[in-house]
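Chemist: In UniProt numbering, the protein residues as written are 1 to 415.
(1) Along the chain, where does the beta strand (DSSP E) that runs through residue 408 open and close?
(2) Which partner residues of residue 245 appear in the DSSP bridge assignment?
(3) Just checking: is the beta-carbon of residue 39 within a distance shorter than 7 angstroms of some beta-carbon in chain D?
(4) On the DSSP letters alone, give me the boundaries of the beta strand (DSSP E) that residue 21 sits inside.
(5) Could you have a look at residue 9 and say whether DSSP puts it in helix, strand or coil?
(6) Excluding the 5 residues flanking residue 124 on each side, which residues of the same chain have their C-beta closer than 8 angstroms to its C-beta?
(7) Would residue 362 pass as a contact of residue 339 if the rule is Cβ separation under 7 angstroms?
(8) Within the segment 57-135, note down every full beta strand (DSSP E) run reaching 3 residues or more, in order along the chain.
(9) Out of 148, 271, 130 and 156, which has the shortest C-alpha to C-alpha gap to residue 136?
(10) Residue 359 and residue 391 look like a contact to me (Cβ under 8 angstroms); what is the Cβ gap, rounded to whole Å?
(11) Please report the straight-line C-alpha distance between residue 131 and residue 13, rounded to a whole angstrom.
(12) For the alpha helix (DSSP H) that contains residue 29, what are its first and last residues?
(13) Measuring alpha carbon to alpha carbon, tell me which residue in 345, 308 and 9 is nearest residue 27.
(14) Evaluate residue 227 with the Cβ neighbour count: other Cβ atoms within 10 Å of its Cβ, from every protein chain shown; 16 or more gives buried, anything less gives exposed.
(15) Which stretch, first to last residue, makes up the beta strand (DSSP E) that contains residue 340?
(16) Quick one: give me the first and last residue of the beta strand (DSSP E) that residue 391 is part of.
(17) Going by Cα to Cα distance, which pick from 283, 165 and 192 is closest to residue 416?
(18) Have a look at the DSSP bridge pairing and note the partners of residue 42.
(19) Could you tell me if residue 36 is buried or exposed, where buried requires 16 or more neighbouring beta carbons within 10 angstroms of its beta carbon?
(20) Mind checking which residues open and close the beta strand (DSSP E) that includes residue 371?
(21) Please determine, among 6, 302, 11 and 48, the residue with the shortest C-alpha to C-alpha distance to residue 63.
(22) Can residue 218 and residue 200 be called in contact, C-beta distance under 7 angstroms?
(23) So, with DSSP's three-state summary, where would you put residue 138?
(24) Let me know if residue 325 comes out buried or exposed under the rule of 16 or more other beta-carbons within 10 Å of its beta-carbon.
(25) Suppose the cutoff is 6 angstroms on Cβ atoms and the five residues either side in sequence are ignored; what does the same chain contact list for residue 181 look like?
(26) Closest by CA to residue 5, which one among 34, 20, 21 and 23?
(27) Looking only at its chain, what residues have a beta carbon closer than 6 angstroms to the beta carbon of residue 238, apart from the 5 residues adjacent to it on each side?
(28) Is residue 311 helix, strand or coil by DSSP?
(29) DSSP has residue 182 in a bridge; who is on the other side?
(30) How about residue 290 and residue 307: are their beta carbons less than 7 angstroms apart?
(31) Relative to the C-alpha of residue 381, which candidate in 411, 354 and 395 has its C-alpha closest?
(32) State the start and end residues of the unbroken beta strand (DSSP E) segment that holds residue 49.
(33) Roughly how many whole angstroms lie between the Cα atoms of residue 367 and residue 404?
(34) Under the DSSP definition of a beta bridge, which residues are partnered with residue 275?
(35) Bridge partners of residue 350, per DSSP?
(36) Check whether the Cβ atoms of residue 323 and residue 343 lie closer than 7 angstroms to each other.
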């Protein structure tokens, strides 16, 4: 029976934060023993726990000073600097190893064969030849890494991310195990025949301007292209792509460039072109970035259910929002009248900080969740009965909210 009680307490502890576990063990003598039975998963500086009798129960430690021991069952280690001592300690249980941004030393023979997730900080720029164990599944390099990867990426890696400065030939150096492949801003090498057919998620950075036509495998379903890589994308995006993100600075039209396979389309920071006849009827989720501020009337297909505008958008929306949109979000600058403009399909409606227009009789009875920004100052007493939650800026006065609205609506205040 005692064992059953112990198991129950340990089970309960799994729902607590580490400090709550410690507080629980201090409630009585019976609970004190659980200090040595609980597992502590939150990251903590090792010097804070080094002298504790239950030191070995900690799973996640940060090491930033000289250290000659680690918890026996540690699974996550964050090294803020290079510490030769730690590299000589057996670490059979470590699965997550992260190096801090200042780390830039050789790693030859240093990475335990148990590591599954390996992350390097921004300063790291050392040779990795023969250094990455075959246990690694996720491999991420920081911003300054720019070394050859020829024969250096194990064939076990599923997720591979390069940072800002990486610009080395990749030829056929990316193993066929990789599913997720991300290149940083400066990468600008040929990719013809270089991207394995295993890749489903591919991201090319802002400086990439090589041809992508027939060079992206048909396995890719999620594709992100930087602004230089899409000077012309007509006929370049495979029909396998369902999620497409474009950051487009060119003056070329994108008409006819987006395949009918795309269901989620995101435009990046720089995109500010007309979308006339450009969005296929397959798209259900459409998001515009920071710079977009074009007329949209008759340009958004009726297939779209989730529509998000970025910071700069401030165009008329009368008869412009399709009648099947359920989630509608406006950016910070939007401040146009909304009379007869919000379709009755919308359930979630978000306005940005600059919006301050009359809403009486302008919010459809389908809306359940409603958000206003910092400058909104109109009464909300006439919101439809369908609304169950309103989010307002903290400065919006409580006197403007009637008791009737307060009684039926969950009102959230945010800064």
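No residue lacks a Cβ here, since even glycine has one placed at the ideal position from N, Cα and C.
Every value quoted in this text rests on a predicted model; they were computed, and no experiment measured them.
Modeler: Taking the geometry as given:
(1) By one-based count along the chain shown, residue 408 stands at place 408. No beta strand (DSSP E) contains residue 408, which is instead part of the alpha helix (DSSP H) from 403-408.
(2) Taking the chain shown and counting its residues from 1, the one referred to as residue 245 is at position 245. For residue 245, the beta-bridge partners assigned by DSSP are 224 and 266.
(3) The structure shown contains no chain D; it holds only a single protein chain.
(4) As a first step, residue 21 is located in the chain shown; it is residue number 21 there, counting from the start. Unbroken run through residue 21 is the alpha helix (DSSP H), 18-25; no beta strand (DSSP E).
(5) In the chain shown, residue 9 corresponds to position 9, counting from 1. Secondary structure at residue 9: helix, using DSSP grouped into helix, strand and coil.
(6) Here residue 124 refers to the residue found at position 124 of the chain shown. 99, 103, 104, 141, 142, 144 and 145, listed in sequence order.
(7) Here residue 362 corresponds to residue number 362 of the chain shown, with the count starting at 1. Here residue 339 corresponds to residue number 339 of the chain shown, with the count starting at 1. In this structure, residue 362 places its C-beta atom within 7 angstroms of the C-beta atom of residue 339.
(8) The segment 57-135 contains these whole beta strand (DSSP E) runs: 60-63, 76-79, 96-99 and 117-119.
(9) Position 136 of the chain shown holds residue 136. The option with the nearest alpha carbon to residue 136 is 156.
(10) Translated into the one-based positions of the chain shown, residue 359 becomes position 359. Translated into the one-based positions of the chain shown, residue 391 becomes position 391. Actually they are not in contact, since the Cβ atoms of residue 359 and residue 391 sit about 14 angstroms apart, beyond 8 angstroms.
(11) For the purposes of this step, residue 131 is taken as residue 131 along the chain shown, with counting starting at 1. For the purposes of this step, residue 13 is taken as residue 13 along the chain shown, with counting starting at 1. Going from the Cα of residue 131 to the Cα of residue 13 covers about 38 angstroms.
(12) Translated into positions along the chain shown, residue 29 becomes position 29. In the DSSP assignment, residue 29 falls within the alpha helix (DSSP H) that extends over 29-32.
(13) Numbered from its first residue, the chain shown carries residue 27 at position 27. Among 345, 308 and 9, the Cα nearest to that of residue 27 belongs to 9.
(14) Numbered from its first residue, the chain shown carries residue 227 at position 227. Around the beta carbon of residue 227, 16 or more other beta carbons sit within 10 angstroms, so the residue counts as buried.
(15) Taking the chain shown and counting its residues from 1, one reaches residue 340 at position 340. Note, residue 340: premise wrong, no beta strand (DSSP E); not H, not E.
(16) Within the chain shown, numbered from 1, the residue matching residue 391 stands at position 391. For residue 391, the uninterrupted beta strand (DSSP E) segment begins and ends at 389-393.
(17) With the chain represented from 1 up to 415, any question about residue 416 goes unanswered, as that position is not in the structure.
(18) Counted from its first residue, the chain shown places residue 42 at position 42. Bridge partners of residue 42: none, in fact.
(19) Within the chain shown, the letter at position 36 stands for residue 36. With fewer than 16 Cβ atoms within 10 Å of its Cβ, residue 36 is classed as exposed.
(20) For the purposes of this step, residue 371 is taken as residue 371 along the chain shown, with counting starting at 1. Per DSSP, the continuous beta strand (DSSP E) segment holding residue 371 begins and ends at 369-371.
(21) Here the question's residue 63 lines up with position 63 in the chain shown. With distances taken between CA atoms, residue 63 lies nearest to 48 out of 6, 302, 11 and 48.
(22) Along the chain shown, one-based indexing puts residue 218 at 218. Along the chain shown, one-based indexing puts residue 200 at 200. Not a contact, by the Cβ cut-off of 7 angstroms.
(23) For this step, residue 138 is matched to residue 138 along the chain shown. Residue 138: strand per DSSP, three-state reduction.
(24) Position 325 of the chain shown, counting from 1, holds the residue named residue 325. Result: buried.
(25) Position 181 of the chain shown, counting from 1, holds the residue named residue 181. Cβ within range, chain order: 160, 199 and 202.
(26) Stepping through the chain shown from its first residue, residue 5 is reached at position 5. With distances taken between CA atoms, residue 5 lies nearest to 34 out of 34, 20, 21 and 23.
(27) If you number the chain shown from 1, residue 238 lands on position 238. The beta carbon of residue 238 lies closer than 6 angstroms to those of 216 and 218 in the same chain, with the five residues before and after it left out.
(28) Along the chain shown, read from residue 1 onward, the residue named residue 311 stands at position 311. If DSSP states are grouped into helix, strand and coil, residue 311 belongs with coil.
(29) Taking the first residue of the chain shown as 1, we reach residue 182 at position 182. Bridge partners of residue 182: 161 and 203.
(30) Reading the chain shown from its first residue, position 290 is the one you call residue 290. Reading the chain shown from its first residue, position 307 is the one you call residue 307. Contact flag unset, no.
(31) Taking the chain shown and counting its residues from 1, one reaches residue 381 at position 381. When only C-alpha atoms are compared, the closest one is 411.
(32) Here residue 49 refers to the residue found at position 49 of the chain shown. For residue 49, no beta strand (DSSP E) encloses it, and the DSSP letter there is neither H nor E.
(33) Against the chain shown, residue 367 aligns to sequence position 367. Against the chain shown, residue 404 aligns to sequence position 404. Cα to Cα, residue 367 sits roughly 18 angstroms from residue 404.
(34) For the purposes of this step, residue 275 is taken as the residue at position 275 of the chain shown. The partner list for residue 275 (beta bridge, DSSP) is empty, contrary to what the question assumes.
(35) Within the chain shown, numbered from 1, the residue matching residue 350 stands at position 350. DSSP, once it has assigned bridges, lists 329 and 371 as partnering residue 350.
(36) If you number the chain shown from 1, residue 323 lands on position 323. If you number the chain shown from 1, residue 343 lands on position 343. Yes, the pair counts as a contact, with Cβ atoms nearer than the cut-off.
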